[in-house]
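Going from the sequence shown to this note's numbering is simple: count from 1 and add 1482.
Just below is one structure, and these are the notes that go with it.
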Amino acid sequence: MANPLDTEPGSELFSNYEAELRLVQADISQKLDQIPELSGEPRKAAISQAERALEEADELLGSMRLEKQNIPQNSKQKVNQRFRNYETDVDGAKRKLKSMQDDRSALFGKRYTDNPGGDEQLQQRQQLLSGTDRLERSSGRLRESQRVVLETEDIGRNTLADLSRQRETIEHTRGTLLESEGYTDRSNKTLKGMARRMITNKIVTIAIITVLVILIIAVVISKFR
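Dropping the structure here:
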């Protein structure tokens, strides 16, 4: 079933961490159930595996703690509640494992002190394996983060390209409007010139008619004399 947060911006990594943490919690629970039935070296190996799983859970909780800051505000309350539940579950698993480690010391303390050097070497090997596992998990999360960053960069580049095309379209439209405005100005000047010539022609026509009327009147008067 899809996580509801998958539809929220900025929550993809948190959802991935959450799914991974659930798998780790299931692994921890299985190991804790097996430890009481073991003894000797198998018990030590199982406890070490549980410790590494808890370290992985702590790393995932740290990543989730950072990533949940990117969750939208309207979803943060539910996310914070789930995060606190995960922390509580992991803390409970730690306490349960600690009690098993104490039982192991009480039950097999003599065997562990018979050969302290060998136990120290085993512990060093386990720490080395644990460090390698953590490095691999961190590398995996880094690759996932890099993938999300690259996808975001692609989206950014596409957005910039769209904005650039829109800018070119706007500039072209602006140039067309300026050109149209120039044509309009020239048309207005032409119309004004035509209007002035019409007024001038009208005045000349009236003047000619007036002169003709005066001449006609003068001719008529001269005949009656």
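The beta carbon of each residue, even a glycine, is placed where N, CA and C say it ideally should be.
Please read these numbers as outputs of a predicted model, since none were measured by experiment.
Query: In three-state DSSP terms, what is I1553?; Result: coil
Query: Using the rule of at least 16 other Cβ atoms within 10 Å of the residue's Cβ for burial, across every protein chain shown, is I1553 buried or exposed?; Result: buried
Query: Which of the three DSSP states, helix, strand or coil, is assigned to L1611?; Result: helix
Query: Going by DSSP in three states, S1521 sits in which element: helix, strand or coil?; Result: coil
Query: Measure the CB-CB distance between V1561 and A1539 and report whether it falls below 9 Å.; Result: no
Query: Sorted by chain position, which residues of the same chain lie with C-beta nearer than 6 Å to L1579's C-beta, five sequence neighbours on each side aside?; Result: A1532
Query: Using the C-alpha atoms, what's the distance from E1618 back to L1495?; Result: 18 Å
Query: Report yes or no: do the stretch 1643-1663 and the stretch 1518-1528 share at least 3 C-beta pairs separated by less than 8 Å?; Result: no
Query: Measuring CA to CA, which of I1637, R1564, N1683 and M1582 is closest to E1519?; Result: M1582
Query: How many Å lie between N1640 and K1550 at the Cα?; Result: 27 Å
Query: I'd like to know whether the C-beta atoms of L1536 and A1575 end up nearer to each other than 9 Å.; Result: yes
Query: Less than 9 Å separating the beta-carbons of R1616 and E1541?; Result: yes
Query: Is it true that the CB of E1626 sits closer than 9 Å to the CB of R1564?; Result: no
Query: By a C-beta neighbour count over all protein chains shown, 10 Å radius and 16 as the cutoff for buried, is L1697 buried or exposed?; Result: exposed
Query: Between the beta-carbon of R1623 and the beta-carbon of S1545, is there less than 9 Å?; Result: yes
Query: Suppose the cutoff is 8 Å on Cβ atoms and the five residues either side in sequence are ignored; what does the same chain contact list for I1699 look like?; Result: none
Query: Among residues of its own chain, excluding the 5 on either side of N1498, which ones have a beta-carbon nearer than 7 Å to its beta-carbon?; Result: E1626
Query: Compute the Euclidean distance between the alpha carbons of G1664 and E1650, then round it to the nearest angstrom.; Result: 21 Å
Query: CB E1569 to CB L1548, shorter than 9 Å?; Result: no
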